[in-house]
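From first to last, the protein sequence lines are chains A and B.
Count along the first sequence from 1, then add 17; that gives the number in the numbering used here.
Count along the second sequence from 1, then add 258; that gives the number in the numbering used here.
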Amino acid sequence: MTDPGTGAGTDTGARRAARADLCAGGTFIALGGGFAIGALQYDLGTAFQMGPGYVPLALGLTLAALGALILGHGVLLALGHRTAEHETLEEQAGPVPWRRGGLLVAGVVIFGLTVDGLGIAVATFATTFLAALSGHRNTPLKALVIAAGLTVLCLLIFVVGLQLSLPLLGSWLGG
Amino acid sequence: MDLSGIALGLETAIQPENVLLCLLGVTLGTAVGVLPGIGPTATVALLLPITFNFDPTASLIMLAGIYYGAQYGGSTTAILINLPGESSAAVTALDGHQMARQGRAGPALATAALGSFFAGTVATVIVALFAPPLVDVALEFGPAEYFSLVVLGLIISIALASGSTVKALAMIVLGLLLGTVGQDLFGVGTPRFTFGVRELYGGLDFVSIAVALFALAEIMRNFERRERSESMVTKKVEGLWLSRDDARRITSPVLRGTALGSALGVLPGGGHVLASFTSYSVEKRVSKHPEKFGKGAIEGVAGPESANNAAAQTSFIPLLTLGLPTHPVMALLIGAFIIQGIVPGPNVINEEPELFWGLIASFWVGNLLLVVLNLPLIGLWVKLISVPYDVLFPAIIAFATIGCYSIGLNPWDVFVIAIIGVLGYALIRWGCEPVPLLFGFVLAPILEDNLRRAMIISRGDPSVFVTRPISACLLGLAAIALVASVMPAIRRKREAVFTEDD
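Have a look at this one:
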């Protein structure tokens, strides 16, 4: 996957836009195609009595077609054609924050993986620690402090304040 | 006007419990809304889960309170530190922040509050006036009309937005597809696209989708900017009262903004954004001193703020009468209605009159509470704005995950945040707007149900959509809107609306 944001310097707005279109178009084609193929597994039915697969198949094909349009637009831009749509990505985007973004997403996933087993407190702590670690100026120690503080705050709000029935101790801990 | 309805509404809205929840909503909404980088949509998505504990009327009143609070909080942040949470607040920031720099933060905030209150009051009356007749029209709608109406709503929402029309269309279709995940409730309950995961049978949770797009993806976007410029926080806000001269200067902008906002708010998609942008350019055009705009003209705060708030109010009209969202927050409210077991649409007024009128009356109560609450508590909001981002975004992530998990105690709702968050981040980076996806997702079941119903009634003849007059008109309008949005001349004009006075 090429990325429109990196490789700054010689990049002109048109080339950035071209790459953005190619990536977006490709993604839509892949997703639309995937949904369409998946929809074929279900009963399509007829236009009179549509089965569960009918609408997803139609939508999937539509998405793939729109993706092809976007991709084509990207190809035109890449070849240096000026199209009717002079698109410029407004903000000068920086490089993809792989490490920081990855930590953030990992934090969310960890929560889903551990919340049933280890309970809300441990899961929240793990999530906030990973998220805080992705902070700009946060050292591991500072992240620990932030995570601890936020965990207490969240427990106070959700468990004490709102009295939601959340698993305090997970099943792995006998809760 | 339906006086008995309004009486019932006021009776419901001023019940102590409901006033308290409205107050709580407004407070929480403002508190989260003032946090830099969190717009009203993210605020409502983050706070949605905590409202599900209450009965439908109370929880929707609280949600409406959160929405106003979030809007006002966003304006406060825009004025004080020039970090608007959404595009309509960006207009407020133009002159509001300049006023703050000149030490006139107090009058700017007071103008925003008073303008919003006036606009909210007028727009509430408009909702009460126009919603019931529209309901009568909507009740005549059959499945074919509903299908066409949803198509029209979706198309208009992209015709008004900025950016590529084709990409916006693709985002709508992607949203519709994501909306089909889960059991096919129209038929025999075939699970679709669940990959054998039982937890996905209920479909993807709309709170997860909203939080993924407006919190997780947004934070990752913020990470792209290498260094957040430490913006100046106006530590002291003094002189909240308007001078006689200020009061005189804001009167007509507030009136014009209210009228513009009330009218444009009912348009799906960018109605509220369009309202504040239009109001700003109108004020600049009629002003005797247009050169003062962008340099702290109080008219440039009064007009757009009133327009924005009036639009926020009247955008409830299509929601309450047709079940059609015109703003991403309205899309979230549809989800909230459904979780409470209420189908938003023309039946609400007859089946749940207390909810319908109570909600409308609570608009006004909420706006009143905003004025009473915000100006005295401004010191607290300033403190909240100063929360460092490195602490703020872990808190947002924690709130988002716990909130989504708490709705159904389903870890998959959390995984969906991660998956859609990453996908959404990539697509936003490639120039696709996230709002159409949310609209598509929320409207997917309504669209599919009515399509299938209409086709059964017509025995598989698709011409039913163009032979029934109302349906044909709606589809015709949709076609016009679509063609218009890709025509170069109109595109340029539209870009001009959104980029004027940068």
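Positions of the beta carbon are idealized from the N, C-alpha and C atoms, including for glycine.
On a predicted model such as this, the values are computed, not experimentally measured, just so you know.
Listed along the chain, the chain B residues whose CB falls inside 8 Å of the CB of Arg154 (chain A) are Asp648.
In the three-state DSSP reduction, Gln58 (chain A) falls in the coil class, being neither helix nor strand.
His547 (chain B) sits exposed, since fewer than 16 C-beta atoms from the chains shown fall within 10 Å of its C-beta.
Our two residues, Ala41 (chain A) and Ser422 (chain B), have alpha carbons roughly 12 Å apart in a direct line. Residue pairing for Pro449 (chain B): DSSP places it in a beta bridge opposite B:Gln441. In this structure, Gly187 (chain A) keeps its C-beta atom at 8 Å or more from the C-beta atom of Ile655 (chain B).
Counting the other CB atoms within 10 Å of its CB gives Gly519 (chain B) a total of 16 or more, which places it among the buried residues. If you look at Ile556 (chain B), you'll find it isn't in any alpha helix (DSSP H); DSSP assigns it neither H nor E. The straight-line gap separating the alpha-carbon atoms of Gly554 (chain B) and Pro69 (chain A) is approximately 57 Å. At a cut-off of 8 Å between beta carbons, Tyr459 (chain B) makes no contact with chain A.
The criterion of a C-beta distance shorter than 8 Å is not satisfied by Leu628 (chain B) and Val385 (chain B). The segment 354-371 of chain B makes no contact with the segment 573-589 of chain B: fewer than 3 CB pairs, one atom from each, lie closer than 8 Å. In the three-state reduction of the DSSP assignment, Met745 (chain B) falls in the coil class, being assigned neither a helical nor a strand state. For the pair Leu471 (chain B) and Leu696 (chain B), the CB atoms are nearer than the 8 Å cut-off. Taking a C-beta distance under 8 Å as the contact criterion, Leu705 (chain B) and Val408 (chain B) qualify as a contact pair.
By the Cβ neighbour-count rule, Ala160 (chain A) is buried, with 16 or more other Cβ atoms within 10 Å of its own. Neighbourhood of Asn311 (chain B) in chain A, by CB distance below 9 Å: Leu179, Gln180 and Leu181, in chain order. One alpha carbon belongs to Gly437 (chain B), the other to Leu458 (chain B), and they sit about 12 Å apart. Residue pairing by DSSP puts Met67 (chain A) in a beta bridge opposite A:Gly62.
The three-state reading of DSSP puts Val292 (chain B) in coil, since its state is none of H, G, I, E or B. Relative to the Cα of Gly461 (chain B), the nearest Cα in the group B:Ala468, B:Val469 and B:Phe451 belongs to B:Phe451. If you look at Arg117 (chain A), you'll find it in the alpha helix (DSSP H) that goes Trp115 to Leu150. Between the alpha carbons of Pro720 (chain B) and Arg506 (chain B) lies a gap of roughly 58 Å. Here Ser262 (chain B) is exposed, its C-beta having fewer than 16 other C-beta atoms within 10 Å. Using a Cβ-Cβ distance cut-off of 8 Å, the segment 686-700 of chain B and the segment 429-448 of chain B are in contact, since at least three pairs of beta carbons, one from each stretch, lie closer than that value. Within chain B, not a single residue places a beta-carbon under 8 Å from that of Arg32 (chain A); the smallest gap is close to 14 Å. Sequence-distant Cβ neighbours of Leu701 (chain B) in its own chain, meaning closer than 6 Å and more than five residues away, are Val408. Annotation: Cβ neighbours of Met478 (chain B) in chain A (cutoff 9 Å, chain order): Val113, Pro114, Arg117, Gly118, Leu121 and Val122.
For Lys550 (chain B), no alpha helix (DSSP H) run applies, since DSSP gives it neither H nor E. Judged by DSSP secondary structure, Cys662 (chain B) falls within the alpha helix (DSSP H) whose first and last residues are Tyr647 to Gly666. Around Ile163 (chain A), the beta-carbon contacts reaching into chain B at under 7 Å are Val649 and Pro652. With respect to Ala300 (chain B), Ala473 (chain B) sits close: the two C-beta atoms are nearer than 8 Å. For Phe574 (chain B), the uninterrupted alpha helix (DSSP H) segment begins and ends at Phe574 to Leu580. By the C-beta criterion, the segment 286-293 of chain B is judged to be in contact with the segment 630-643 of chain B, since at least 3 inter-stretch pairs fall below 8 Å.
At least one CB atom of chain B sits nearer than 8 Å to the CB of Ala64 (chain A).
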